[in-house]
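Undergrad:
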Amino acid sequence: MAYWNVLAAEGGGSIDPFVIGIIVFILASFVGFEVITKVPPTLHTPLMSGSNAISGITIVGALIATGIENNTAANVLAFFAVVAATINVVGGFMVTDRMLEMFRKPRRPAGGEG
Amino acid sequence: MSVEVLSLVYLLGAVAFIIGLKRLSGPRTARSGNLVAALGMLLVIVITLVDFTVSWAVVVAGLVVGAAIGAVLAIRVQMTAMPQLVAAFNGFGGLASALVAGAEFLKDAPDHNMETIITIVLSVAVGALTFTGSFIAYAKLQGIMKGSPITYPGQQAVNGLIGAGIVGLGVWVVVAQNALPFWIGGVLALVFGVLFVIPIGGADMPVVIALLNAFSGLAAAFTGFVISNQALIVGGALVGASGLILSSLMCQAMNRPLTNVLFGAFGSGDGGGPAGGTEGGDVRTTSADDLAVALAYAHQVMVVPGYGLAVAQAQHVLRELTSDLEHRGVQVAFGIHPVAGRMPGHMNVLLAEADVPYEQLLDLDDANALLPRTDVVLVVGANDVVNPAARDDPGSPIYGMPILEVDKAKLCVVIKRSLSAGFAGIDNPLFYKEGTRMFFADAKKGIGEIESAVSQV
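Same order as they appear, the protein sequences are chains V and G.
According to the working numbering, the first sequence is numbered sequentially starting from 64.
According to the working numbering, the second sequence is numbered sequentially starting from 18.
#1: Here's the rule I'm using: 16 or more other beta-carbon atoms within 10 Å means buried, otherwise exposed. How should G:Gly252 be labelled?
#2: For the region 460 to 474 of chain G against the region 328 to 335 of chain G, are there 3 or more C-beta pairs whose distance is under 8 Å?
#3: Which residues, in chain order, does the region 83 to 100 of chain G contribute to contact with chain V at a C-beta distance below 9 Å?
#4: Mapping DSSP to helix, strand and coil, what is G:Arg48?
#5: Consult DSSP for G:Gln330 and reduce its assignment to one of helix, strand or coil.
#6: Within 6 Å: the Cβ of G:Phe148 and any heavy atom of the ligand NAP?
#7: Any Cβ of chain G within less than 7 Å of the Cβ of V:Thr135?
#8: Can you list the residues of chain G that V:Ile78 reaches, using a CB-CB cut of under 8 Å?
#9: From this set, V:Ser114, V:Gly124 and V:Phe142, which residue's C-alpha is nearest G:Ala74's C-alpha?
#10: Report back the beta-carbon spacing between G:Ala238 and V:Ile99 to the nearest angstrom; my notes put them in contact at under 8 Å.
#11: Quick one, which of G:Ala470, G:Ser42 and G:Ser264 has its alpha-carbon nearest G:Arg359's?
#12: Nearest-angstrom Cα distance between G:Val192 and G:Tyr27?
#13: Could you give the first and the last residue of the continuous alpha helix (DSSP H) run that contains G:Leu460?
#14: Taking only beta-carbon positions, decide if G:His316 is within less than 7 Å of chain V.
#15: Kindly indicate if chain V contains any beta-carbon less than 7 Å away from that of G:Gly252.
#16: Compute the Euclidean distance between the alpha carbons of G:Thr302 and G:Leu447, then round it to the nearest angstrom.
#17: Of all Cβ atoms in chain V, is any one closer than 7 Å to the Cβ of G:Ile262?
#18: Where DSSP assigns a beta bridge to G:Leu428, which residues make up the other side?
#19: Between which residues of its own chain and G:Ser285 is the CB-CB distance below 6 Å, once the five residues before and five after are set aside?
#20: Within the continuous alpha helix (DSSP H) that includes G:Thr136, where are the two ends?
#21: For a contact defined as C-beta to C-beta under 9 Å, what are the partners of G:Met58 on chain V?
#22: So G:Asp380 contacts chain V; which residues on that side make the cut at Cβ distance below 9 Å?
#23: Please work out which residues of its chain come closer than 8 Å, Cβ to Cβ, to G:Leu11, disregarding the five sequence neighbours upstream and downstream, and give them in chain order.
#24: Could you pull the DSSP bridge partners for G:Met96 from this structure?
#25: Does the Cβ of G:Val474 have 16 or more other Cβ atoms within 10 Å, making it buried, or fewer, making it exposed?
#26: Rounded to whole angstroms, what is the Cα-Cα separation between G:Val278 and G:Lys163?
#27: Measuring CB to CB, does G:Leu229 end up less than 7 Å from G:Ser304?
#28: Please list, in chain order, all residues of the same chain as G:Val349 whose beta carbon is under 6 Å from its beta carbon, the five residues on each side excluded.
#29: Helix, strand or coil: which one does DSSP assign to V:Ala173?
#30: Output, in sequence order along the chain, the residues in the region 51 to 77 of chain G whose CB is closer than 7 Å to any CB in chain V.
#31: Can you look up G:Val320 in the DSSP assignment and give me helix, strand or coil?
#32: Just reading off the alpha helix (DSSP H) that G:Thr8 is part of, what are its end residues?
#33: Can you list, in chain order, the residues of its chain whose CB lies under 7 Å from that of G:Leu102, leaving out five sequence neighbours each side?
#34: Do you know how far the Cα of G:Asp68 is from the Cα of G:Met18?
#35: Which first and last residues belong to the alpha helix (DSSP H) in which G:Phe209 is found?
#36: Of the choices G:Gly234, G:Asp128 and G:Ile161, whose alpha-carbon is the least far from that of G:Leu112?
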């Protein structure tokens, strides 16, 4: 807290949210690389569909855009954005769940290891 | 609600995404991880609806329509059709980001500050090309369009001009915040998405889908900058990283740089000559009965599946065959090449659907370590990923691509409909090797015949 205040004071004001955004973006990219390199090849398809569902986070922007006032064109775009993002989110998480359910099956009791 | 609390809730959503991806590091924890990520998404959606002034009629209509379409697609899709579904979902994600950025442009133009207008332009451009590019990938994978590369003279120049046009219009929008260049640029980005994917061949789709996945994430992150929302920035960055890692893994697995995949129009047959023409040797065929004996008395069997397995929907009958062998005491493994199929991990999902335990699915290195000790290897619907020319022939267009060295097994059986060349249009010397037997059949029918023969041994 104090750190941010000092930074803000030295900069002569509050930190531009855009700069904070860049900081967050870069750190999140590194986290992404670290986490995702540990996903085994067997799970690469669910990784794609699951991360795809996460990219549907843009639904937040779509929901907010429906509230833009006195601009029918913007609201029409917002409606289609909500539809597209919801397909992405709902479909993505559901199909990932369907796939991962198959991977969770226990080993067969009568295995042919012998 | 204060903006601080709202930001912390968005942070919680972002943390849920990271935990969800982290739990994908193993099949046992993966499903709960997906649930955590989905709950994070739900939380973020609910808090947005609570805190912001939205148009409820539009929101409810959009959510209902979108959820219905998404759910139907997710429930009805066949596992073999997973690549095209993921491509379609990528497309919807890109479209949504582009539309949000478009709505934000309309809201305040021409009074956006510099950062906002730049990220609006980036979000629209990347989102729009992701949308159309993904649907071309969908059409190719679904068989609506031919999978082979579509090329024409001056293609690179045309793409370059359109790309330059998008950049030019983008600069114009940033400077003047005019609606005209904004919409023309958006349409050009849609066109660019189409032109960018049509010259890429069907078997290069794993790379393209992974790349479009990264783009859909980047578009979401750009939209996050537009509306100053860190949940979008984190979510988008994670997906961008995931897509980039997967596309680079796929490129490594083909030993081709990304630029070659994107611009090389690989698979047009340029390097190959007519199917089966260059090698011209004799092949040795085998019958279901002979093969059944070899399999039933083997100690170690490996199956190497390829896209042909998916096309023939042969995963279930294959599973019956391998279970039968296991009950006879044969050890069975599956050797999975990273680019087998049409998306990363495609074969693993098909085999998981058919109840093959994931412990039996070996990656390239483990499979190659086991192959010299393997008695019989069954190549089902794979071709280029087992082509020894990639290892032995420096003149081959696929030279240097890591392969599954099935020719090191004692007996290699290739189940294939005909001697036709693989996707790369390259003849496969494997078919003419001493230790190789060809079994000419459709994968599903052929494995069925072998299965019934094995049950009578």
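Ideal Cβ positions, reconstructed from N, Cα and C, are used throughout, including at glycine.
Just so we're clear, the structure is a prediction, and the values are computed from it rather than from any experiment.
TA: Taking the structure as given:
#1: buried
#2: yes
#3: Gly83, Ala84, Ala85, Ile86, Gly87, Ala88, Val89, Leu90, Ala91, Ile92, Val94, Met96, Met99 and Pro100
#4: Three-state result, G:Arg48: helix.
#5: coil
#6: Looking for the ligand NAP in the displayed structure turns up nothing, as the structure carries no ligands at all.
#7: Among the CB atoms of chain G, none fall inside 7 Å of the CB of V:Thr135.
#8: Result: empty, since nearest Cβ-Cβ is about 12 Å, beyond 8 Å.
#9: V:Phe142
#10: That pair is no contact at about 15 Å.
#11: Comparing alpha-carbon positions, the option among G:Ala470, G:Ser42 and G:Ser264 lying closest to G:Arg359 turns out to be G:Ser264.
#12: Near 32 Å, if we compare the C-alpha coordinates of G:Tyr27 and G:Val192.
#13: For clarity, residue 460 of chain G is Ala in the given sequence; the question names Leu instead. Its alpha helix (DSSP H) spans residues Ala460 to Ser472.
#14: no
#15: yes
#16: Cα to Cα, G:Thr302 sits roughly 13 Å from G:Leu447.
#17: yes
#18: According to DSSP, G:Leu428 bridges with G:Val393.
#19: Confidence is the limiting factor: at G:Ser285 the pLDDT is only 46, short of 50, which leaves the residue's position unreliable, though a coordinate-based value still follows. Pro166, listed in sequence order.
#20: Met131 to Gln159
#21: For a Cβ distance threshold of 9 Å, residue set Ala116, Ile117, Gly119, Ile120, Ile122, Val152 and Phe156 of chain V lies close to G:Met58, ordered along the chain.
#22: Pro103, Pro104 and Thr105
#23: No information on residue 11 of chain G is available, as it lies outside the stretch 18 to 474 that chain G covers here.
#24: G:Met96 pairs with nothing; no bridge assigned.
#25: With fewer than 16 Cβ atoms within 10 Å of its Cβ, G:Val474 is classed as exposed.
#26: 18 Å
#27: It is not a contact, given that the beta carbons lie outside the stated cut-off.
#28: Val318, Thr339, Leu342 and Glu343
#29: Model confidence at V:Ala173 stands at a pLDDT of 44, short of 50, so the residue's coordinates are unreliable and nothing is read from them.
#30: Listed by position, the residues of the region 51 to 77 of chain G near chain V (Cβ gap below 7 Å) are Asn51, Ala54, Ala55, Met58, Val61, Ile62, Thr65, Leu66, Phe69, Thr70, Val71, Ser72, Val75 and Val76.
#31: strand
#32: Not covered by the structure: residue 8 of chain G. The range shown for chain G is 18 to 474.
#33: Leu90 and Val94
#34: The straight-line gap from Cα to Cα measures roughly 7 Å.
#35: Ala196 to Val214
#36: G:Gly234
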